[in-house]
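Asks: In the numbering used here, the protein residues as written are 913 to 1446.
For reference, the structure I am asking about is given below.
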């Protein structure tokens, strides 16, 4: 006969005729099995972590750096560290694939109030974070066999940006959701201290991913000072870039007119939204789409900070081109979760690792946030705070002065460790630099855009939207680079024509099928260039 035990089966080699002897042998086998199980249990310990100020993001790892892991969307541990039952779960994955549920791509998890978990005896490190404004807490300790270990942490701010009227946002989160997912996702963004999470329904020429159940007010969800709002990353093309539209009252898409970004942008504006280009205009030739559309005044912003592009996280080339040409362009930023991660690849993807702040001039509401974003009252960051005033005015403002006036400029760079390296930038050139806070009195006789740029090292950067300074009602274009930039824009338009002449072979390379649409936009953009050259 066989008796099931911890290690499989215990084989009784001999059958006895006396029933009592059989019983004693079987009971002995069960007793031995129980001892083995007890020995196994005694090697485990119970770890209880209590956290005040949640929701928070937690990393739990052993002495070898091993963290909990999952297979697909199922919370099955593949390591000695199980997934806490208190982990806040919501489905995530690239292109609607089920890649995760209770855990994040790097093995971290979100909890509210704490968690408990049984772990093997050993050395463990707990790291607790809550976005950029709270102090990071980390502790390493030994857990003895059979012990019950309790640790308590209280989240504390090093800076209070809402107290100053600034609220954080991620403009680029991809999560499919139904109304039943809203609470969990709101806790996720709260754990990263994001106040406004823009959940982007994503499309390409063929299909749509990350469905949002509604747009406009019906698709928004607010909880405990956090707002989820639907948006779209569509159209997306390899030839003229990826677009983002935020805050519109409906979803806008036309597969038949897919490459007419201008018409989609116009419709989004009619619906109360704002439009722009993703990935710093770098990836997927977004700068070509900007030449087609930003030149004609169709866009409002550029996603200036993100970890996807090798030039990043702060890639300013195309941003400065259009600012120097005299265009207003608000700086936004986003994580592109679950793709872009600091430290290399999507394994480190994290909501809010790139974000922007908006000044709302009052308590956070969606209407105030939207108005502040439309006004350009923003700065983008991967960690530091960047503050700027020009004659007391905020980023996004237009300040008109008389020729010969002196501008009073103040820029500040803040980090948890103290002041960071900060620069005052005008027309792309550094006008002043220092640490912590820099002031400058600048005489002006021509228009200029002025921004603050912060670098705290290790990919920790920040940049404000400019203050646009005009003199006697003029513009702020950079005369020293203007003709060169007009020629560069023409070069970008010729690149689009090259795509039409030699179409790409990828399934999503559909520009040649929309030749007439693109030729119309090229002609209109060239007309704008001629107008600008006068």
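Where is the CB? At the ideal position from N, CA and C, for every residue including glycine.
Below 8 Å between beta carbons: does that hold for residue 1023 and residue 982?
Replies: No, these two residues do not count as a Cβ contact at 8 Å.
Asks: Could you tell me the alpha carbon to alpha carbon distance between residue 1095 and residue 1109, rounded to whole angstroms?
Replies: So the alpha carbons of these two residues sit roughly 13 Å apart.
Asks: So the candidates are 1081, 1443 and 1297; which of them puts its Cα closest to the Cα of residue 1395?
Replies: Measuring from the Cα of residue 1395, the nearest candidate turns out to be 1443.
Asks: What does DSSP give as the partner residue(s) for residue 1411 in the beta ladder?
Replies: Partner(s): none; residue 1411 has no beta bridge.
Asks: Let me know the secondary structure DSSP gives residue 993 once reduced to three states.
Replies: Of the three classes helix, strand and coil, the one that applies to residue 993 here is coil, per DSSP.
Asks: Between which two residues does the alpha helix (DSSP H) harbouring residue 1180 extend?
Replies: Residue 1180 -> alpha helix (DSSP H) spans 1173-1182.
Asks: Give the single residue among 1132, 1296 and 1219 whose Cα lies nearest to the Cα of residue 1452.
Replies: With the chain covering only 913 through 1446, there is no way to say anything about residue 1452.
Asks: Which residue comes first and which comes last in the alpha helix (DSSP H) that contains residue 1094?
Replies: Run containing residue 1094: 1094-1103, per the alpha helix (DSSP H) assignment.
Asks: Helix, strand or coil: how does DSSP classify residue 1442 here?
Replies: Here residue 1442 sits in helix by DSSP.
Asks: Please work out which residues of its chain come closer than 7 Å, Cβ to Cβ, to residue 1098, disregarding the five sequence neighbours upstream and downstream, and give them in chain order.
Replies: If we look at residue 1098 and ignore the five residues flanking it on each side, its Cβ neighbours are 1133, 1135, 1138 and 1140.
Asks: Please report the straight-line C-alpha distance between residue 1076 and residue 1323, rounded to a whole angstrom.
Replies: Their Cα atoms are separated by approximately 15 Å.
Asks: Name the two residues that bound the continuous alpha helix (DSSP H) containing residue 1107.
Replies: It is not in any alpha helix (DSSP H) - residue 1107 carries neither H nor E in the DSSP assignment.
Asks: In chain order, what are the residue ranges of uninterrupted beta strand (DSSP E) at least 3 long that sit wholly in the segment 1384-1411?
Replies: You should have found no qualifying run.
Asks: State the DSSP-derived secondary structure class of residue 1289, mapped to helix, strand or coil.
Replies: Coil at residue 1289, not helix or strand.
Asks: What are the uninterrupted segments assigned as beta strand (DSSP E) that are 3 or more residues long and contained completely in the segment 1330-1362, given in chain order?
Replies: Qualifying beta strand (DSSP E) stretches, in chain order: 1333-1338, 1341-1347 and 1349-1356.
Asks: So, with DSSP's three-state summary, where would you put residue 950?
Replies: Reliability of the predicted coordinates at residue 950 is poor, the pLDDT of 38 falling under 50, and the value obtained from them is presented with this limitation in mind. Helix.
Asks: Is residue 1013 helix, strand or coil by DSSP?
Replies: Coil, per DSSP.
Asks: If you reduce the DSSP assignment to three classes, tell me which class residue 1045 lands in.
Replies: Correct three-state label for residue 1045: coil.
Asks: Kindly indicate which three-state DSSP category residue 1232 falls into: helix, strand or coil?
Replies: Helix at residue 1232.
Asks: Taking residue 1034 and residue 975 to be in contact with their CB atoms under 8 Å, please state how far apart those CB atoms are, rounded to whole angstroms.
Replies: The Cβ separation is near 6 Å, so the contact holds.
Asks: Can the beta-carbon of residue 1404 be found closer than 8 Å to that of residue 1280?
Replies: The answer is no: Cβ separation not under 8 Å.
Asks: Give a yes or no on whether the C-beta atoms belonging to residue 1154 and residue 1190 are separated by under 8 Å.
Replies: Result yes, Cβ atoms of residue 1154 and residue 1190 sit closer than 8 Å.
Asks: Which of the three DSSP states, helix, strand or coil, is assigned to residue 1207?
Replies: Residue state, collapsed to three classes: helix.
Asks: Please name the residue in 1012, 1171 and 1437 whose C-alpha comes closest to that of residue 1422.
Replies: Cα-wise, what sits closest to residue 1422 is 1171.
Asks: Which word fits residue 1168, buried or exposed, when buried means at least 16 other C-beta atoms lie within 10 angstroms of its C-beta?
Replies: It counts as exposed.
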